[in-house]
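Engineer: For what it's worth, our numbering labels the leading residue of the sequence shown as 1, then goes sequentially.
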Amino acid sequence: MWQGVIPAVSTKFNEDGSLDMGEMERCFGLQMEAGCDGLIACGSLGEGPMLTQDERIAVLRLTKQVTGSKPAILTVAEAGTREACALAEKAAKAGADGLMVVPSTIYHSNHRETIVALRAIAAAGDLPIMIYSNRLAYRVDVTTDMLEELADDARFVAVKESSDDIRRTTEIINRLGQRYDLFTGVDNLAFEALAVGAVGWVAGLVLAFPKETVAIFRLMKEDRQAEALSIYRWFRPLLDLDVSTYLVQNIKLAEAMALGSTERVRAPRLPLEGEQRARAERIIRAAMETRPQLPRFG
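Structure follows, in structure tokens:
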């Protein structure tokens, strides 16, 4: 159902902390112009949890305006199942094409609790769902056994695999074949995951470098691995910025330097400063100065 590069877009703010809808529309549009295959709004490791549900729905509506016929997906990552179900219902009414669902972000639910929560959210929204499995960030591992158990519900269509163990991609495919659209959710494992069968990439640094990200994916799909790998090796220092507690600040800094966007974040986050900022700037500047010439692809 879903495949390709689907960025987890960043939320833009005005100086007073309100949503900067104009800048989001501009930046989201750049992703689609580069050939991305949809957008995911209000990411769970991004600033989605810092937004009210009404703000998230507003961002979703804007996202859908930009994606047109391509999917606009809202992240559902709430501490409680009741709140997650309420957001799923609102997203469906607002025109979401699907949901990316994280099990409880606070309570570390066990196998049975995780299954029950995911089924409840699916029923509430009645939309296609990408299950977000990230045991490192949330300590809840949506295992291959769980995916097999959930496979009887056709609303579960995709998995964002972020276990940080590249072997998991092959394990899921070996067990479940093509039952789920399998996405990699770790920027600096993207080439590896695509090489062993992932059909999509929920990307982060794509927000600052969309054309390069799309080129890697398209080249991999055309079995042009050597060309994709050359771009990926250039990209790796940037992609490492996504695997960080400060991924939001890193990505927004990259967007500011590469696209002229803003770095504003919502508290408790603050923009980078000192040596941490200087290091990120060096990585981004070096990448911008050595951007590869992209080959033609279908």
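Think of the CB as a built atom: it goes at the ideal place given N, C-alpha and C, for glycine as much as any other residue.
(1) Is the region 211–225 touching the region 251–269, taking contact as three or more C-beta pairs under 8 angstroms?
(2) Is there a Cβ of chain B sitting closer than 8 angstroms to that of W2, yes or no?
(3) Compare the C-alpha of R266 against each of V5, I231, G4 and K12 and name the closest.
(4) Are the CB atoms of G177 and G4 nearer to each other than 8 angstroms?
(5) Looking at the unbroken beta strand (DSSP E) that takes in M130, where does it start and where does it end?
(6) Would you give the residue range spanned by the beta strand (DSSP E) that D181 belongs to?
(7) Just to confirm before moving on: does the CB-CB distance between R300 and A8 stay below 8 angstroms?
(8) Starting from G95, trace the alpha helix (DSSP H) in both directions and tell me its first and last residue.
(9) In terms of residues, what are the limits of the alpha helix (DSSP H) holding A158?
(10) Could you give the residue range of the beta strand (DSSP E) that holds L74?
(11) Mind checking which residues open and close the beta strand (DSSP E) that includes A120?
(12) CA-CA distance, P210 and D165?
(13) Quick check: the region 282–297 against the region 230–247, are at least 3 beta-carbon pairs closer than 8 angstroms?
(14) What do you get for T144, buried or exposed, if any count of 16 or more other CB atoms within 10 angstroms of its CB means buried?
(15) What three-state label does DSSP hand W201 in the structure shown?
(16) Do you know whose CA, among N188, L205, D97 and G29, lies nearest K252's CA?
(17) Do H108 and V157 have their CB atoms nearer than 8 angstroms?
(18) Under a three-way DSSP split, which group does M1 fall into?
(19) State the beta-bridge partners of A8 as determined by DSSP.
(20) Using C-beta distances below 8 angstroms, list every residue in its chain close to A79, excluding the 5 sequence neighbours before and after it, in chain order.
(21) Just the Cα atoms here: how many angstroms apart are S162 and L45?
(22) Helix or strand or just coil, what does DSSP make of F297?
(23) Just the Cα atoms here: how many angstroms apart are S133 and T169?
(24) So who's on the other strand from L99, going by DSSP bridges?
(25) Once DSSP output is grouped into helix, strand and coil, what is the label at L272?
(26) Just to check my reading of the structure: P128 and G98 have Cβ atoms closer than 8 angstroms, yes? What is that Cβ distance to the nearest angstrom?
Structural biologist: With the structure as the only source:
(1) no
(2) Absent from the structure is chain B; it holds one protein chain and no more.
(3) If you number the sequence shown from 1, residue 266 lands on position 266. With distances taken between Cα atoms, R266 lies closest to K12.
(4) Walking along the sequence shown from the start, residue 177 turns up at place 177. Walking along the sequence shown from the start, residue 4 turns up at place 4. Cβ atoms of G177 and G4: not closer than 8 angstroms.
(5) Within the sequence shown, the letter at position 130 stands for residue 130. Per DSSP, M130 belongs to the beta strand (DSSP E) from I129 to S133.
(6) Along the sequence shown, read from residue 1 onward, the residue named residue 181 stands at position 181. From DSSP, the beta strand (DSSP E) with D181 extends over D181 to T184.
(7) Outside the shown range of the chain (1 to 298) lies residue 300, about which nothing can therefore be said.
(8) Here residue 95 is taken as the residue at index 95 of the sequence shown, counted from 1. Where G95 is concerned, there is no enclosing alpha helix (DSSP H), given that its DSSP letter is neither H nor E.
(9) On the sequence shown, position 158 is the one that residue 158 refers to. Not the alpha helix (DSSP H): A158 falls in the beta strand (DSSP E), residues F156 to E161.
(10) Here residue 74 refers to the residue found at position 74 when the sequence shown is read from its first residue. From DSSP, the beta strand (DSSP E) with L74 extends over A72 to V76.
(11) Stepping through the sequence shown from its first residue, residue 120 is reached at position 120. Element bounds for A120: not the beta strand (DSSP E) but the alpha helix (DSSP H), H111 to G125.
(12) Residue mapping note: residue 210 aligns to position 210 of the sequence shown, counting from 1. Residue mapping note: residue 165 aligns to position 165 of the sequence shown, counting from 1. In a straight line, the C-alpha of P210 is about 25 angstroms away from that of D165.
(13) yes
(14) Your numbering for residue 144 matches position 144 in the sequence shown. So T144 counts as buried.
(15) Against the sequence shown, residue 201 aligns to sequence position 201. In the structure shown, W201 sits in a strand (DSSP, three-state: E or B).
(16) As a first step, residue 252 must be located in the sequence shown, where it is residue number 252. Cα-wise, what sits closest to K252 is L205.
(17) Residue numbering aside, residue 108 sits at position 108 when the sequence shown is read from its first letter. Residue numbering aside, residue 157 sits at position 157 when the sequence shown is read from its first letter. No, these two residues do not count as a Cβ contact at 8 angstroms.
(18) Along the sequence shown, one-based indexing puts residue 1 at 1. Note: M1 maps to coil in three-state DSSP.
(19) Residue numbering aside, residue 8 sits at position 8 when the sequence shown is read from its first letter. Note: A8 sits in a beta bridge opposite I40.
(20) Position 79 of the sequence shown, counted from the start, is the residue given in the question as residue 79. Same-chain partners within the cutoff: S104, T105, I106 and Y107.
(21) Locating residue 162 in the sequence shown gives position 162, counting from the first residue. Locating residue 45 in the sequence shown gives position 45, counting from the first residue. Roughly 12 angstroms separates the two Cα atoms.
(22) Position 297 of the sequence shown, counted from the start, is the residue given in the question as residue 297. The answer is coil: DSSP assigns F297 none of H, G, I, E or B.
(23) Taking the first residue of the sequence shown as 1, we reach residue 133 at position 133. Taking the first residue of the sequence shown as 1, we reach residue 169 at position 169. Approximately 12 angstroms, taken between the alpha carbons.
(24) Along the sequence shown, one-based indexing puts residue 99 at 99. In the DSSP output, where bridge partners are listed per residue, L99 has L74 and I129.
(25) Your numbering for residue 272 matches position 272 in the sequence shown. The answer is coil: DSSP assigns L272 none of H, G, I, E or B.
(26) Residue mapping note: residue 128 aligns to position 128 of the sequence shown, counting from 1. Residue mapping note: residue 98 aligns to position 98 of the sequence shown, counting from 1. Right, the Cβ-Cβ distance comes to about 4 angstroms (below 8 angstroms), so this counts as a contact.
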